[in-house]
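Worksheet for the structure shown next.
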Amino acid sequence: MKMTELSFFLFLLQSGDDPCPKDEHGKLIFHKTDFWQLWKALEECKDAGLTRSIGVSNFNHHQIEKILSMPGLKYKPACLEIETHIYLSQKKLLEFCKSHDIAVIGYAVLGSSKAAG
């Protein structure tokens, strides 16, 4: 592949096997990823012409807000890729993205094996 740039680069936040992991006391474990450093690196890739757009995958409303409120933000996420279908409509998240002009890319739009049972 003789590519000079990517059309799009997604920052994937993967939850692992358990979508709602809990600690030994039964409390939810929140992701501790440093979004600021990772997003700055993606902005540098865009500035260097390595990608035309940068976005996020599997982020929630609060995680996107962290990026949008970062000091010195050059580029907001161009899109959010999320699982969305009749059993998981994510209406509030879709409205949030629309209000911030962030495109949404859906995966598993016909449902997923998790939704079936």
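Letter by letter, the sequence shown follows residues -15 to -1, 1 to 102 in mature numbering (1 follows the signal peptide of the UniProt record, and there is no 0).
Glycine included, each C-beta is placed from N, C-alpha and C at the ideal position.
Q.
With three or more beta-carbon pairs closer than 8 angstroms as the criterion, would you say the stretch 62 to 79 touches the stretch 26 to 46?
A. yes
Apply the 10 Å Cβ neighbour rule to G40 and answer buried if 16 or more other Cβ atoms are within range, or exposed otherwise.
buried
* **For K12, three-class secondary structure by DSSP** => coil
Less than 7 angstroms between C-beta atoms, sequence neighbours within five positions excluded: which residues of the same chain meet that for V89? C64, L65, I67, L79 and C82
Discussion item. Using 8 angstroms as the threshold, is the C-beta distance between E28 and K59 below it?
Written reply: yes
Flag this pair as yes or no: are the beta carbons of L53 and H70 separated by less than 8 angstroms? no
Of the residues G11, K61 and Y72, the one placed nearest W21, counting alpha carbons only = K61
message = Please report the distance separating the alpha-carbon of G11 from that of T36.
response = 41 angstroms
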